[in-house]
Amino acid sequence: MVGMSRDPLHTVTLPLLVNADDENTANGECAVFPSRGGETLVKVQAVSPEIAKGWLERDTRSTLARALKGLGRLRHAYTEKDDRKLLAAVDQCRPLMPKLPLGMTQTEDWTGEGKWDGARWYYAEAMSHAAKNARLVVWWPFSGQHEPTPGLYCPDMSTAVAMALFMDGVRVCPFCGETFIPKLGKARTYCKSAHGVADRTARSRDKTKRAEALIRANSDLSVPKLIEKLAEAGIKRARDWVVKAKARVKAQKR
Ligand SMILES: [Zn+2]
């Protein structure tokens, strides 16, 4: 079985279904049960990655489309621990966050290492909220054997697009913010490889700047304390940075 070697938490492959516009676009039929009671039989269309991508790109000024793209960027920011992109991504998907009860305020702290737990939580909450109306159905596809098949019924396209982003049918390039469809079985993160190179270069440049600024500002600290300080700021291989910086200062003194 293909799914066996994969992480069981990330093997959602259910087709995403929305109401079909007309007979021609319908791929099948299913019964939905409105909360007010009763049952409705609806013609449904399966949302392909191309359809989800098209919806995200159709209206670039749409707050909802922009916020959904933010989900893609936020996931990248926290998996890659990319400080530069975190705050922008959080702000971009803010419209997807549930409204707080009246009189309640939320404090956010996007500093220190705790911010990555915060980012994961924020992503999960925004994604859950965006996809809250999706429901598991058993539908009858018009093609094949017409066998009852599980699917995710989404009452609107934004719900389907949120699920498509979550299920990796469509992705958001962390460098340019454009959407793209990853090829099957390929772990592609960027819309084109040039954007991967450009992004990694920018990240490494940024990291150098931050590490050097921290070392300069804390030159009175002992080496172990300085390493600790850099590590706290999320700079990997802090030891190498400190050793390099100290060597440079020594060379300048000569
Ligand atoms: Zn790109």
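Each number in this note's numbering comes from the position in the sequence shown (counting from 1) with 1438 added on.
The beta-carbon is built from N, C-alpha and C at its ideal position, and this holds for glycine as well.
Quiz item: When we look at the beta-carbon of residue 1521 and count the other beta-carbons within 10 Å, is it buried (16 or more) or exposed?
Solution: In the sequence shown, the residue the question calls residue 1521 occupies position 83. Residue 1521 is buried by the Cβ-count criterion.
Exercise. Classify residue 1609 as helix, strand or coil using the three-state DSSP reduction.
Key: Locating residue 1609 in the sequence shown gives position 171, counting from the first residue. It is a strand residue.
Practice problem: Would you check whether ligand 1 has a heavy atom nearer than 8 Å to the C-beta of residue 1613? | Solution: What you label residue 1613 is simply residue 175 of the sequence shown in a count that begins at 1. In this structure, residue 1613 has its CB closer than 8 Å to one or more heavy atoms of ligand 1.
Quiz item: Where residue 1494 and residue 1504 are concerned, what is the direct C-alpha to C-alpha distance, given to the nearest angstrom?
Solution: Position 56 of the sequence shown, counted from the start, is the residue given in the question as residue 1494. Position 66 of the sequence shown, counted from the start, is the residue given in the question as residue 1504. Near 8 Å, if we compare the C-alpha coordinates of residue 1504 and residue 1494.
Self-check item: residue 1531 Cβ short of 8 Å to ligand 1 heavy atom set
Solution: As a first step, residue 1531 must be located in the sequence shown, where it is residue number 93. Not one heavy atom of ligand 1 falls within 8 Å of the beta-carbon of residue 1531.
Quiz item: So, are the CB atoms of residue 1469 and residue 1481 less than 9 Å apart?
Solution: Locating residue 1469 in the sequence shown gives position 31, where the first residue counts as 1. Locating residue 1481 in the sequence shown gives position 43, where the first residue counts as 1. Residue 1469 places its beta carbon 9 Å or farther from that of residue 1481.
Practice problem: Measure the alpha-carbon distance for residue 1517 versus residue 1620 and round it to whole angstroms. | Solution: As a first step, residue 1517 must be located in the sequence shown, where it is residue number 79. As a first step, residue 1620 must be located in the sequence shown, where it is residue number 182. In a straight line, the C-alpha of residue 1517 is about 17 Å away from that of residue 1620.
Practice problem: From the DSSP output, in three-state form, read off residue 1692 for me. | Solution: What you label residue 1692 is simply residue 254 of the sequence shown in a count that begins at 1. Three-state DSSP puts residue 1692 in coil, outside helix and strand.
Quiz prompt | Complete beta strand (DSSP E) runs within the segment 1638-1686 (minimum length 3 residues, chain order) | solution = List check, beta strand (DSSP E) in window: nothing returned.
Practice problem: Look at the alpha carbon of residue 1540 and the alpha carbon of residue 1513, and state the distance between them as a whole number of angstroms. | Solution: Within the sequence shown, numbered from 1, the residue matching residue 1540 stands at position 102. Within the sequence shown, numbered from 1, the residue matching residue 1513 stands at position 75. The straight-line gap from Cα to Cα measures roughly 29 Å.
Quiz item: Run through DSSP, which three-state label would residue 1591 get?
Solution: For the purposes of this step, residue 1591 is taken as residue 153 along the sequence shown, with counting starting at 1. In this structure, residue 1591 counts as strand in the three-state DSSP scheme.
Quiz prompt | Span separating the alpha-carbon of residue 1510 from that of residue 1610 | solution = Mapped onto the sequence shown, residue 1510 falls at position 72. Mapped onto the sequence shown, residue 1610 falls at position 172. Taken atom to atom, the span from the alpha-carbon of residue 1510 to that of residue 1610 is near 5 Å.
Exercise. Starting from residue 1523, follow the alpha helix (DSSP H) in both directions and report where the run begins and ends.
Key: As a working note, residue 1523 is residue 85 in the sequence shown. Counted as a single uninterrupted DSSP element, the alpha helix (DSSP H) harbouring residue 1523 occupies residues 1521-1530.
Quiz item: DSSP on residue 1545, reduced to helix/strand/coil?
Solution: As a working mapping, residue 1545 is identified with position 107 in the sequence shown. Note: residue 1545 maps to coil in three-state DSSP.
Exercise. State yes or no: is the C-beta of residue 1630 nearer than 8 Å to some heavy atom of ligand 1?
Key: Residue mapping note: residue 1630 aligns to position 192 of the sequence shown, counting from 1. Yes, since a heavy atom of ligand 1 falls inside the 8 Å radius drawn around the Cβ of residue 1630.
Practice problem: Have a look at 1654, 1605 and 1636 and flag the residue whose alpha-carbon is nearest the alpha-carbon of residue 1454. | Solution: The count along the sequence shown starts at 1 and reaches residue 1454 at position 16. Ranking 1654, 1605 and 1636 by Cα distance to residue 1454 puts 1605 first.
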